[in-house]
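Chemist:
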Amino acid sequence: MSEVRAQLREFLLAWFELHMPGSVFLWYDTVVIAWIALVAIVLHFILRRVATKFLKENFFEQRNIKFSQATADLIFKLVKRLSFVLQGAIVIIQSKLWIAEGTIFLHLVEVIINQWIILFSLLSLFTLLDIFQTISDKRTKQGHFPLRGLLQTIKLIASVLTTILAVSLLMDKSPLILLSGLGALSAVMLLVFKDPILGLVAGIQLSANNMLAVGDWLEMPKYGADGDVVDIALTTVKVRNWDKTITTIPTYALISDSFKNWRGMSESGGRRIKRSIYLEMSSVGFLNKEQIEELSKADLLHDYLSSKVVDIERENSTKKSNMAVKLNGRRLTNVGTFRHYLIALLKQHPRIHQGMTLMVRQLEPTNMGLPMQIYAFTNTTNWGEYEEIQSDIFDHILAVLPEFSLRTHESPTGNDVRLLVNK
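Take the sequence shown: its letters are residues 270 to 692, numbered as in the numbering used here.
1) Hey, is residue 548 close to the ligand ZN, as in C-beta under 8 Å from one of its heavy atoms?
2) Counting beta carbon pairs with one atom in the segment 651-665 and one in the segment 558-577, are three or more of them shorter than 8 Å?
3) For residue 215 versus residue 390, is the C-beta distance shorter than 9 Å?
4) Using the three-state DSSP reduction, which class does residue 409 fall into: helix, strand or coil?
5) To the nearest angstrom, how far is the alpha carbon of residue 594 from that of residue 605?
6) Count the CB pairs spanning the segment 635-651 and the segment 608-615 that are closer than 8 Å, and state whether there are at least three.
7) What's the gap between the Cα of residue 410 and the Cα of residue 543?
8) Please list, in chain order, all residues of the same chain as residue 647 whose beta carbon is under 7 Å from its beta carbon, the five residues on each side excluded.
9) Along the beta strand (DSSP E) that carries residue 488, what are the first and last residues, could you check?
10) Straight-line CA distance for residue 510 to residue 495?
11) Counting pairs of beta carbons, one from the segment 423-430 and one from the segment 393-403, are three or more of them closer than 8 Å?
12) Thinking C-alpha only, which one of 315, 387, 420, 351 is nearest residue 469?
13) So residue 435 and residue 384 are in contact, right, with Cβ under 8 Å, and what is the actual spacing, rounded?
14) Which first and last residues belong to the alpha helix (DSSP H) in which residue 663 is found?
15) Roughly how many angstroms lie between the CA atoms of residue 471 and residue 520, to the nearest whole one?
16) Do residue 433 and residue 394 have their C-beta atoms within less than 9 Å of each other?
17) Classify residue 628 as buried or exposed, calling it buried when 16 or more other Cβ atoms lie within 10 Å of its own Cβ.
18) Check residue 587 in the structure and name its three-state DSSP category.
19) Using the beta-carbon count (16 or more within 10 Å), is residue 546 buried or exposed?
20) By the DSSP assignment, the beta strand (DSSP E) with residue 647 in it spans what residues?
21) May I ask you to report which of helix, strand or coil DSSP gives residue 547?
22) Out of 617, 536, 523, state which residue places its alpha-carbon closest to the alpha-carbon of residue 693.
23) Grab the span of the beta strand (DSSP E) containing residue 505 for me, first residue to last.
24) I need the straight-line Cα distance from residue 317 to residue 308, nearest angstrom please.
25) Taking the alpha-carbon of residue 650 as reference, which of 559, 360, 531, 303 has the nearest alpha-carbon?
26) Can you tell me which of 534, 504, 527, 493 puts its alpha carbon nearest to the alpha carbon of residue 514?
27) Hey, how far is the Cα of residue 568 from the Cα of residue 590?
28) When DSSP labels each residue in this structure, what does residue 629 get in the three-state scheme?
29) Are the CB atoms of residue 439 and residue 465 within a distance shorter than 9 Å?
30) Expressed to the nearest angstrom, what Euclidean distance is found between the alpha-carbon atoms of residue 671 and residue 551?
31) Whose CA, out of 585, 616, 678, lies closest to the CA of residue 553?
32) Which residues does DSSP list as the beta-bridge partners of residue 497?
33) What residues in its chain sit with their C-beta under 7 Å from that of residue 586, if we drop five residues either side in the sequence?
34) Between which two residues does the beta strand (DSSP E) carrying residue 621 extend?
35) In angstroms with no decimal places, state the Cα-to-Cα distance between residue 516 and residue 682.
If you want it as structure tokens, here you go:
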């Protein structure tokens, strides 16, 4: 092969010397460069045309494979970059075929084309990883593994190795020499790549412990984050807050600091209502006979009051209590009856989850009054529906308070003070 190549080169040089005397080698090198460039350009268009036609008509359509427009664009971009790599290999082969070995011109061409091949090989790898990421993002159910962080780590490692290879080719030295020299720079490298290393470790821990995934509701007051996780990258986690702002949190901060993940609430199918209404203490008292009769007309209280009145009267009769004195015997209170009314209300409510905790309880009285707390779960986790259900329940509670002779506590306002002064 080398003899044929030498004979062909001698023939072309002789032809140029015969027809174009003077700068024979200049004419020869010019024609060689033009020929190599022409072949590379023609090959580029042929490869792109054939690859595009094959992918669209033979591969995707025959197998009924459907990709999103973003994924399809990345696939064609990958084919384009791979074609540049192949062109570089063809240029190297042609250069060794037409240019004499050991010349500076051949060495210069090899150095330039080697850098070309390395560059587009790296870009091809980047595009391939982007395709994996795009396909992963389009899945209906996101996995908990931080794929974006892993792919970014691969890109970082590939960039470092490619840079070492490119420099070693420029210096005409073995890559092992450069790698051995990196040992002295390890401290500097650890400092420069501190955040990526911490992010990679944090991403693995988040994945291994199933702590966070894209789509989770994350609450982290230290960083002002309260919203959905939209991206878990190598060094940062992006959270779209409910006000549509974006908060960026260092990935390693999710390991070193505490945060609240609302995924458990979303997966349970119920969202908690935990809200208190403050009753004025002076409105608390015993129910008289007329009030009991009136409240017994309510569907939610009829059975409770009927059985409760019988039990109380039986016990008071057995103990022979003097009911003329309010301190004697058992009596029904308006606040206790109100509490049982709320329990019955929640148990028959169609939007309250009956399989989860449901209670109405009194909390410790404060200067704000007597807290009556509703503790229950809705049967939906949708934020809008949840707020609607909660508001409807407390609208009703506030409206029925006068029926129990109860009042809510309100702190005096400026207008209240002015009215007292006018009196």
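A virtual CB, placed ideally from N, CA and C, is assigned to each residue, including glycine.
Modeler: Checking against the coordinates, here is how it stands:
1) Absence of the ligand ZN from the depicted structure is noted, as is the absence of any ligand whatsoever, leaving it without description.
2) no
3) The question about residue 215 has no answer here: the residues shown for the chain are numbered 270 through 692.
4) Its pLDDT being 46, under 50, residue 409 is placed unreliably by the model, and nothing is read from it.
5) 20 Å
6) yes
7) Because residue 410 sits at a pLDDT of 49, beneath the cut-off of 50, its placement in the model cannot be relied upon, and the following sentence gives the value as read from the coordinates. Cα-Cα distance, rounded: 31 Å.
8) 539, 540, 542, 620, 621, 622, 655, 658
9) 486-489
10) 5 Å
11) yes
12) 420
13) 6 Å
14) 652-669
15) 6 Å
16) no
17) exposed
18) helix
19) buried
20) 639-647
21) strand
22) The first residue shown for the chain is 270 and the last is 692, placing residue 693 beyond what the model contains.
23) 505-510
24) 14 Å
25) 531
26) 493
27) 31 Å
28) strand
29) no
30) 14 Å
31) 678
32) 486, 509
33) none
34) Neither: residue 621 is in no beta strand (DSSP E) and is coded neither H nor E.
35) 39 Å
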